[in-house]
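Visitor:
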Amino acid sequence: MRRVSLDVTDLAVYYRTLRGDVRALDGVSFSLADGEIMGLAGESGSGKSTLAKSLIRMDGRMRRIRGRVELDGTELPVDDQRAMVPFRFHEVSLIPQYAMSALNPTRRIGRMIRELIRSRGIDYTAVHPELLRRLELVGLDAQVLDRFPIELSGGMKQRVVMVLSTLLDPSLLIADEVTSALDVTTQRSVAEALAGFRDRGFITSMIFVTHDLALVHQIADTIMVMYAGRPAEKASSRTVIEAPRHPYTRMLLSSLPEVGVTFSGKRLEGIPGQPPGLLDPPEGCRFRDRCPLAFAKCAEEPPFTEVAPGHWAACWKVEG
Amino acid sequence: MRRYLARKILVYALTFVAAVSINWLIPRLMPGDPVRTMLSRGSAGDPETMQAMRDYYESVFGLDQPAWQQYINFWTSLFQGDLGISVWLFPQPVTGILLDAVPYTLALLLPAILLSWIAGNRFGAFAARSRWLDNTLLPLGYILTATPYMWLGILLAWGLGVVAGWFPTAGAYGFSSIPGWNWTFAWDLVMHWFLPFASLFLVAFGGWAIGMRNLIIYELEAEYSNYLEALGAPRKLVRRYAFRNAVLPQMTGLAVQLGTIVAGALLTEIVFGYPGLGNLILQALNNRDFFLLQGAFLFIVVGVLIANFVVDVVYVVIDPRTRTQMQGGGA
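Chains as they are written, first to last, in the numbering used here: chain A, 970 to 1289; chain B, 101 to 431.
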């Protein structure tokens, strides 16, 4: 068993709204081994982005209700903005969803990076050669540092952000829907470049948030599927794609076209119904109302348990 | 860059021609006849003398020629720096009268515009995201910016001048002062300058502060700000970047507002009896002094155009995005 890098225990994060607390994340537990790339999948509102944000920077409306997060044996003070600062960039880093507009439009890229690095109390001259080396690795030459963001293409900006975010060799990298805004060919190369960063040791482990299961299973070691603020299933990517156990994962996969199939007689099925509102979620299993297998016991909340080695699921029907 | 500048200069030149032409036209469309005003001053009784005087004045001012000829004459003499002869202060040349007044207007306008812009931006940026300042001082900003210039001027003159007696309320210097290069006179100038300056400064300050506060809040929500914070950048750096980006629309705002501020300065000058262009315009209007009016407007038009041009050029220097547009040859 590899060393545990990230360990999240019963994490619950709610959004404060005028109408009450939205339970976007309600009891999430999982761990990430050293060198593991975990794909984090789920539909909109499943809590995957909230989870990603909670691990690096909560926004003003988010409140941690319970649970703890440990990174390399140290507890992360996720809900203390000030205490989180030393961890950010050094230990936990982020490639945001909006990488195209993540760079200050009125600063040359090189100067912005220099100012950011210096503001973290790091000697820039020591980092500079490594920055150039990594830019070259993703196919950018040193000239981009003299450019303004507007002079770069979307893909180039994405790569600059990838290099910048991982420059200090963070232990955990969160890639939040990084491929959503890219075209299909670029998506693949970005995902592979990130896996390459892991192989080269720039990052120790990574959470790859996405709703694209077809893409994530190519680079991820494991996949965690979330539903309505709770994890539904986590297993190796192969297992999740080929032998999912949780009814939600199965239905999710059957609503996607199969990889490599250009025509099949089978009509794709959606999942009937809507996910529950998280302002006042129902007791028990949150997938109950849409689940074909639901039975009386589903009124109790199913625990997220290991149903096979390295395979967790939260469903009474998967037991054993 | 050269193409961009050339195009800008062309646009400004066209604006200048149009503005000056309208400026020439307007006094001539106004009711009233300057020559008759002068004749009534002459108080000559018999019609023959009147007619002789009328012919004389009309030839002096060039009013005996057809309108198109007057228009051409106007442009030719304009390029010789000759703006004609004043009716009100006959026979002084308009250029001289204006040059006496312009320093006073500039001394009011330049510090008021620049200081209010700088201070308003700083303060607005500072007030953004501070609940206490947002709740106390920003309403004050709203009141200030909604205040008409001359009304605030009257309030200040009454409060600080008449009631408190700290500042004189009219003129550029005291009646007892003798103009000269000495400290007593300089101090007298500053004391007389302060109230009109303050009224212009305060009104503009409120507007800039509110604009900047809103822009900064928007920029702090922008994605580059979020990214910097996720990477643990200190608040200071994030705010500095936000400020720099928020200043850009404020620059445009400055260019747009210049005309309004100049108009405000004219009214303020009248309130405080300050001997700048505003006062001259009032006198010129009262005395049907076409030439003085034309000249004063010309100075204002040129001033506003130059200021706008400077803002345009500065904008290109500080915003890389406009530079890219220029290279692409787009608008």
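Note that the Cβ used here is the ideal one computed from N, Cα and C, for glycine as well. Quick caveat: nothing in here was measured; it's all calculated off a predicted structure.
Give the secondary structure of Val410(B) by DSSP, where H, G and I count as helix, E and B as strand, and everything else as coil.
Guide: In the structure shown, Val410(B) sits in a helix (DSSP, three-state: H, G or I).
Visitor: In three-state DSSP terms, what is Arg1259(A)?
Guide: Reduced to three states, the DSSP call for Arg1259(A) is helix.
Visitor: According to DSSP, is Val117(B) part of a helix, a strand, or is it coil?
Guide: In this structure, Val117(B) counts as helix in the three-state DSSP scheme.
Visitor: Taking Leu1072(A) as the reference, give the member of Leu139(B), Leu295(B), Ala330(B), Tyr112(B) with the closest Cα.
Guide: For Leu1072(A), the nearest C-alpha among the options comes from Ala330(B).
Visitor: Tell me the residue span of the alpha helix (DSSP H) that contains Ile361(B).
Guide: From DSSP, the alpha helix (DSSP H) with Ile361(B) extends over 335–371.
Visitor: Let me know the secondary structure DSSP gives Pro1200(A) once reduced to three states.
Guide: In this structure, Pro1200(A) counts as strand in the three-state DSSP scheme.
Visitor: Just verifying my parser: in three-state terms, what is the DSSP assignment at Gly430(B)?
Guide: With a pLDDT of only 40 at Gly430(B), under 50, the local geometry of the prediction cannot be trusted, and the value read off the model is given with reservation. The answer is coil: DSSP assigns Gly430(B) none of H, G, I, E or B.
Visitor: In or out: Thr176(B) buried (at least 16 other Cβ within 10 Å) or exposed?
Guide: Under this definition Thr176(B) is an exposed residue.
Visitor: Just verifying my parser: in three-state terms, what is the DSSP assignment at Phe190(B)?
Guide: Phe190(B) falls in the coil class under three-state DSSP.
Visitor: In three-state DSSP terms, what is Leu244(B)?
Guide: In this structure, Leu244(B) counts as helix in the three-state DSSP scheme.
Visitor: Taking Glu323(B) as the query, report the chain A residues whose CB atoms sit under 8 Å from its CB, ordered along the chain.
Guide: Ordered by position in chain A, the residues that pass the 8 Å Cβ test against Glu323(B) are Pro1065, Tyr1067, Ser1070, Ala1071.
Visitor: Under 8 Å, do Phe267(B) and Phe294(B) count as touching if we go by C-beta distance?
Guide: Against a cut-off of 8 Å, the Cβ pair of Phe294(B) and Phe267(B) comes out as a contact.
Visitor: Counting only beta-carbon atoms, is Ile1192(A) nearer than 8 Å to chain B?
Guide: So, not an interface residue.
Visitor: Interface residues of chain A around Gly332(B) at Cβ under 7 Å?
Guide: Going along chain A in sequence order, the residues near Gly332(B) (Cβ under 7 Å) are Val1054, Arg1057, Phe1058, Arg1089.
Visitor: I think Ile381(B) touches Ala396(B), with their Cβ atoms under 8 Å apart; what is that distance to the nearest whole Å?
Guide: Confirmed, Cβ separation roughly 5 Å.
Visitor: Would you tell me roughly how many angstroms separate the C-alpha atoms of Ser140(B) and Gln350(B), rounded to the nearest one?
Guide: Looking at the two C-alpha atoms, the distance is approximately 51 Å.
Visitor: Within the same chain, show all residues whose beta-carbon is closer than 8 Å to that of Pro1250(A), passing over the 5 residues directly before and after it, in chain order.
Guide: Arg992, Asp995, Ala1197, Gly1198, listed in sequence order.
Visitor: With a threshold of 8 Å between beta-carbons, can Asp288(B) be considered close to chain A, or not?
Guide: Asp288(B) does not count as touching chain A.
Visitor: Taking only beta carbons into account, state which residues of the stretch 1097–1125 of chain A come closer than 7 Å to chain B, listed in chain order.
Guide: Residues Phe1117, Ile1119, Glu1120.
Visitor: Bridge partners for Trp1281(A) per DSSP, in chain order?
Guide: Lys1203(A), Glu1275(A).
Visitor: Nearest to Ala1095(A) by CA position, among Met1031(A), Leu1106(A), Gly1165(A), Leu1137(A), is which residue?
Guide: For the residues Met1031(A), Leu1106(A), Gly1165(A), Leu1137(A), the minimum Cα distance to Ala1095(A) belongs to Leu1137(A).
Visitor: Could you check whether Arg1116(A) and Arg1077(A) sit closer than 8 Å to each other, using their CB atoms as the reference points?
Guide: Yes.
Visitor: Looking at the unbroken alpha helix (DSSP H) that takes in Tyr249(B), where does it start and where does it end?
Guide: Counting along the chain, the alpha helix (DSSP H) containing Tyr249(B) begins and ends at 249–256.
Visitor: Would you call the stretch 102–109 of chain B and the stretch 1210–1227 of chain A in contact, with 3 or more CB pairs under 8 Å?
Guide: The stretch 102–109 of chain B vs the stretch 1210–1227 of chain A: no contact.
Visitor: Please classify Ser1013(A) as buried or exposed, where buried requires at least 16 neighbouring CB atoms within 10 angstroms.
Guide: It counts as exposed.
Visitor: What residues of chain A sit near Asn345(B), judged by a beta carbon separation below 8 Å?
Guide: Chain A residues near Asn345(B): Asn1073, Pro1074, Thr1075.
Visitor: Confirm, please, whether the CB-CB distance from Asp1041(A) to Ser1140(A) is below 8 Å.
Guide: Result yes, Cβ atoms of Ser1140(A) and Asp1041(A) sit closer than 8 Å.
Visitor: Could you check whether the stretch 397–408 of chain B touches the stretch 331–351 of chain B, counting it as contact only if at least three pairs of C-beta atoms, one from each stretch, sit closer than 8 Å?
Guide: Because the criterion of three Cβ pairs below 8 Å is not met, the stretch 397–408 of chain B and the stretch 331–351 of chain B do not touch.
Visitor: What residue ranges within the stretch 1013–1085 of chain A form continuous beta strand (DSSP E) runs of no fewer than 3 residues, ordered along the chain?
Guide: Those beta strand (DSSP E) runs which fall completely within the stretch 1013–1085 of chain A and span 3+ residues are 1031–1040, 1061–1064.
Visitor: Nearest CA to the CA of Leu1262(A): which residue from Pro1272(A), Arg1255(A), Pro1216(A), Leu1222(A)?
Guide: Closest option to Leu1262(A), Cα to Cα, is Pro1216(A).
Visitor: Can you tell me whether Tyr374(B) is helix, strand or coil according to DSSP?
Guide: The answer is coil: DSSP assigns Tyr374(B) none of H, G, I, E or B.
Visitor: Once the 5 residues before and after Met312(B) are set aside, which same chain residues still bring their CB inside 7 Å of it?
Guide: Result list for Met312(B): Gly220, Asn221, Gly224, Ala225, Ala346, Gln350, in chain order.
Visitor: Please report the straight-line C-alpha distance between Met291(B) and Pro239(B), rounded to a whole angstrom.
Guide: Near 29 Å, if we compare the C-alpha coordinates of Pro239(B) and Met291(B).
Visitor: For Gly1011(A), verify whether its CB is less than 7 Å away from any heavy atom of the ligand MG.
Guide: You won't find the ligand MG in this model; it holds no ligand whatsoever.
Visitor: Looking at the secondary structure, which residues open and close the beta strand (DSSP E) in which Phe999(A) lies?
Guide: Start and end: 989–1002.
Visitor: Quick one: residues in its chain with C-beta nearer than 7 Å to the C-beta of Pro1213(A), no 5 flanking neighbours on either side, listed in chain order?
Guide: So the qualifying residues of the chain are Glu1202, Arg1219, Leu1222.
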